[in-house]
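In what follows, a single structure is set out as structure tokens and then discussed.
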Amino acid sequence: MSTHPAPQAGAPAPAVQAWVGLGANLGDPAAALRQAVRALAHTPGIRLLRTSSLYRSAPVDAGGPDYVNAVAEIATTLAPHALLAVLQALEQAAGRERPYRNAPRTLDLDLLLYGDQHIATPDLTVPHPRMFERAFVLRPLAELAPQQVPPAALQAVQDQAIGLWRPVGWAD
Ligand code: AMP
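Using the numbering used here, the first residue of the sequence shown is number 596, and each one after it goes up by one.
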């Protein structure tokens with residue numbers, strides 16, 4: 596028998612803590628990230644808790660300008676696929692096109708972690724399948740949630756070039 600009380604009809608859905616990876620390398624990438632974070636904060640069912648510093652990273656497996664990357668920590672009452680739909684709508688609104696794999700992008704939003712859930716569906720895998728290969732995800736995530744990033748994982752990506760984004764930060 597479950598020891599959890601049954602959810603009451605009409606009771607608000609419990610919020611789940613989730614982490615979203617943001618990246619952009621076209622146009623004004625820092626402005627694109629600022630805009631995306633503002634939009635997330637104004638989306639019903641999403642509460643923005645914190646954002647990491649802005650980072651700068653060289654493109655992985657691709658050419659083009661450096662990326663600006665960050666991670667946002669949110670509390671959300673949206674189900675995982677509904678949250679993914681929000682992220683994809685924001686990418687579309689930023690004018691993202693996908694002419695080829697790893698093409699430069701005005702805005703890339705990834706659902707990294709959704710509570711402690713493991714999700715494996717055709718269009719959504721959580722934890723994000725490639726997050727542990729990428730310093731530009733692990734470094735900002737570790738800044739916000741070090742408990743989610745084992746030291747060995749950070750060490751495994753230490754050869755990837757990444758630094759803090761200068762001269763501008765979130766406030767600029
Ligand atoms: P990308 O081009 O790297 O942004 O990949 C986008 C595709 O990855 C979309 O078709 C999504 O359905 C899929 N996808 C699978 N898992 C995730 C995730 N955790 N976050 C974002 N997109 C995901």
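Beta carbons are placed, not taken as given, at the ideal position from N, Cα and C, and that holds for glycine.
Note that the structure is predicted; figures quoted are calculated from it, not measured.
Where residue i sits in the DSSP three-state scheme
i    : result
Q753 : coil
V712 : A small fix is needed here, since residue 712 is Gln in this sequence, not Val. In this structure, Q712 counts as coil in the three-state DSSP scheme.
A667 : strand
P607 : coil
R651 : strand
L704 : strand
V615 : strand
A730 : helix
V744 : coil
L628 : helix
Heavy atom of ligand 1 within 8 angstroms of residue i beta-carbon
i    : result
E668 : no
T720 : yes
H713 : no
P741 : no
D656 : no
Q683 : yes
L621 : no
P745 : no
P735 : no
P724 : yes
L706 : yes
L628 : no
D703 : yes
L679 : yes
Ligand 2 heavy atom lying under 8 angstroms from the CB of residue i
i    : result
E686 : The model depicted lacks ligand 2 and carries ligand 1 instead.
Supposed contact pair residue j and residue i - C-beta distance, whole angstroms, cut 8 angstroms
i    : j    : result
I641 : L621 : With 8 angstroms as the limit, I641 and L621 do not qualify as a contact, their Cβ atoms being about 25 angstroms apart.
V615 : G710 : Wrong, their Cβ atoms sit about 13 angstroms apart, outside the cutoff.
Is there contact here, the stretch 630-650 with the stretch 666-686, by at least three beta-carbon pairs under 8 angstroms?
yes
Three or more C-beta pairs closer than 8 angstroms, one from the stretch 729-737 and one from the stretch 636-645: is that the case here?
no
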